[in-house]
Structure formats: structure tokens, C-alpha cells
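With numbering that gives the first Met the number 0, the residue at position 74 of the sequence shown is 73, and numbering never jumps. Even glycine gets a Cβ: it sits at the ideal position worked out from N, Cα and C. It should be emphasised that the depicted structure is a prediction, and the values quoted were computed from it without experimental measurement. Data block below; observations after.
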Amino acid sequence: MNVALFGFMGVGKSAVGRILAERNGLRFVDLDAEIEARAGKSIPSIFEEEGEAAFREIEKTTALEVAARDRQVIACGGGTVLNAESREGLSKTSRMILLTAEPATILERVEAEGETRPLLQVDDRIGSIESLLAARNPHYIRAADLIVDTTERTPQQVAEDIMNLIGGEPGA
Ligand code: S3P
Numbered sequence: 000m001n002v003a004l005f006g007f008m009g010v011g012k013s014a015v016g017r018i019l020a021e022r023n024g025l026r027f028v029d030l031d032a033e034i035e036a037r038a039g040k041s042i043p044s045i046f047e048e049e050g051e052a053a054f055r056e057i058e059k060t061t062a063l064e065v066a067a068r069d070r071q072v073i074a075c076g077g078g079t080v081l082n083a084e085s086r087e088g089l090s091k092t093s094r095m096i097l098l099t100a101e102p103a104t105i106l107e108r109v110e111a112e113g114e115t116r117p118l119l120q121v122d123d124r125i126g127s128i129e130s131l132l133a134a135r136n137p138h139y140i141r142a143a144d145l146i147v148d149t150t151e152r153t154p155q156q157v158a159e160d161i162m163n164l165i166g167g168e169p170g171a
């Protein structure tokens with residue numbers, strides 16, 4: 000079994016995933032990094048040179064390939080589970096854990112990480128976060144086995160929350 004962490008940009012999927020994997024002897028897989036390795040370029044370059052639709056296609060292929068493997072903590076991209084095939088593929092082999100955060104926290108975290116999100120290269124970033132969240136939340140919630148809020152919590156605390164909630168061996 001895998002653990003898949005998903006949810007909006009800036010909720011801490013990668014930071015929490017790394018800790019969770021290490022504490023439980025599971026492999027950590029960052030889907031965005033896998034996509035970049037497969038495409039041979041960064042996500043902003045894929046968006047710029049090939050467009051979002053091409054990115055979503057590579058994202059789906061990569062998600063299905065990763066989902067077919069076992070004993071991993073998978074940090075999804077913010078849009079991964081919005082694709083039905085990817086969502087179903089991941090759900091079959093993974094506990095689906097939705098991480099959430101308040102829009103202001105999301106903005107703070109993505110700004111601290113620099114200009115890496117093509118979808119947030121806009122003037123009104125908080126407005127854009129809020130409207131994307133409103134559109135995505137119903138889909139995120141439907142895909143979730145478990146929902147963990149990360150607002151005002153460190154990645155370590157969130158990893159512990161998850162372990163307490165799922166108990167036992169996350170990879171079993
Ligand atoms: C996206 C989120 C990003 C990355 C791409 C698109 C999205 O991943 O996959 O920029 O649609 O929300 P993170 O959530 O890891 O930033």
C-alpha cells in the first residue's frame with residue numbers, strides 16, 4: 000500500500016511526505032520531480048513551451064506509473080487528482096490523504112518558495128488561490144480518505160498527526 004498526499008499548492012505535500020516516508024521506511028516520490036525528470040525540463044518550462052494541456056498529459060502518465068508501484072509516500076501535484084484516471088489509479092493502491100490550509104497560509108508558503116508555480120503568476124494571487132480552491136475543493140474532498148489541516152502546523156506536526164490518525168504501518 001502507498002500513502003498519497005494531495006491538495007492545493009503550498010499545503011506541504013512534499014515536506015510532510017519526506018518526513019512520513021523516512022519515519023516509516025517507505026520510498027518518497029515527488030510527482031512534480033518525476034514529471035521534470037521525464038520531460039527533461041522544469042515545470043515552468045513545460046507550461047511555457049508546451050502548454051498546460053501537455054503538462055496534464057505527462058502528469059497523468061506519471062501518476063499512473065507511480066501508482067502501480069508499492070510502499071511509497073507519493074506527494075502529488077496540486078492538480079493531479081482532478082484527473083479522473085489519475086485519481087482512480089492512485090486510489091486503488093494508496094491511502095488518499097488531503098492536506099488543507101487557509102489561503103493566506105498558502106500564499107505565504109508559496110511566496111517563501113519563490114516563483115515556481117505557473118498558475119500563480121498573476122497580479123491578484125490571493126484572489127486566484129481563493130477561486131482555484133473554490134473550484135477544486137469539492138473534487139479534493141471527494142477523493143479523500145482522510146483530511147488533515149496544516150494551517151499553523153509544521154511539517155513534523157502534520158506527519159505526526161497523520162501517523163496518529165492512520166496508526167500502524169502506513170505502508171502495510
Ligand atoms: C499545480 C501544482 C504544482 C505543479 C503545477 C500545477 C496545480 O504542484 O504540479 O505547477 O495545478 O495546482 P504543487 O502542488 O506541488 O506546487
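Following a CB-centred definition, is residue i positioned closer than 8 Å to any heavy atom of the ligand S3P?
| i | result |
| --- | --- |
| Phe252 | Nothing can be reported for residue 252, as the shown portion of the chain is limited to 0 through 171. |
| Thr99 | no |
| Met95 | no |
| Val109 | yes |
| Ile34 | yes |
| Pro137 | no |
| Gly50 | no |
| Lys12 | yes |
| Gly170 | no |
| Thr115 | yes |
| Thr60 | no |
| Asp31 | yes |
| Thr92 | no |
| Phe46 | yes |
By alpha-carbon positions, which one of the options ends up nearest to residue i?
| i | options | result |
| --- | --- | --- |
| Ala158 | Ala74, Leu118, Thr92 | Ala74 |
| Ile140 | Leu98, Arg124, Val121, Arg152 | Leu98 |
| Gln101 | Ile128, Leu63, Glu33 | Correcting the residue identity first, residue 101 is Glu in this sequence and not Gln. Minimum Cα distance to Glu101 is reached at Ile128. |
| Ala38 | Arg135, Arg26, Lys59 | Lys59 |
| Gly6 | Thr150, Gly170, Gln155, Met0 | Thr150 |
| Lys12 | Val65, Pro169, Pro154 | Pro154 |
| Ser90 | Ala103, Ala67, Gly78, Gly76 | Ala67 |
| His138 | Ile34, Ile42, Glu87, Val72 | Glu87 |
| Ala83 | Val72, Glu56, Ala103 | Glu56 |
Please state the DSSP three-state secondary structure of residue i.
| i | result |
| --- | --- |
| Ser41 | coil |
| Gln120 | coil |
| Ala100 | coil |
| Ala249 | The displayed coordinates of the chain run from 0 to 171. Any statement about residue 249 would go beyond what the structure contains. |
| Asn82 | coil |
| Arg152 | coil |
| Leu25 | coil |
| Met95 | strand |
| Ala143 | coil |
| Phe46 | helix |
| Ala134 | helix |
| Ala158 | helix |
With residue i and residue j assumed to form a contact (beta carbons below 8 Å), what rounded beta-carbon distance in angstroms separates them?
| i | j | result |
| --- | --- | --- |
| Met95 | Ala20 | With a Cβ gap of about 16 Å, Met95 and Ala20 do not count as contacting. |
| Leu63 | Ser85 | 7 Å |
| Leu132 | Leu145 | Going by Cβ atoms, the distance from Leu132 to Leu145 rounds to 19 Å, so no, they are not a contact pair. |
| Ile125 | Val10 | Between Val10 and Ile125 the Cβ distance is about 15 Å, and since that is not below 8 Å, they are no contact. |
| Asp31 | Gly78 | That pair is no contact at about 10 Å. |
| Arg116 | Leu81 | Rounded, the Cβ-Cβ distance is 15 Å, inconsistent with contact. |
| Arg26 | Arg70 | 6 Å |
For the 8 Å Cβ check, are there 3 or more pairs between the region 44 to 58 and the region 101 to 111? no
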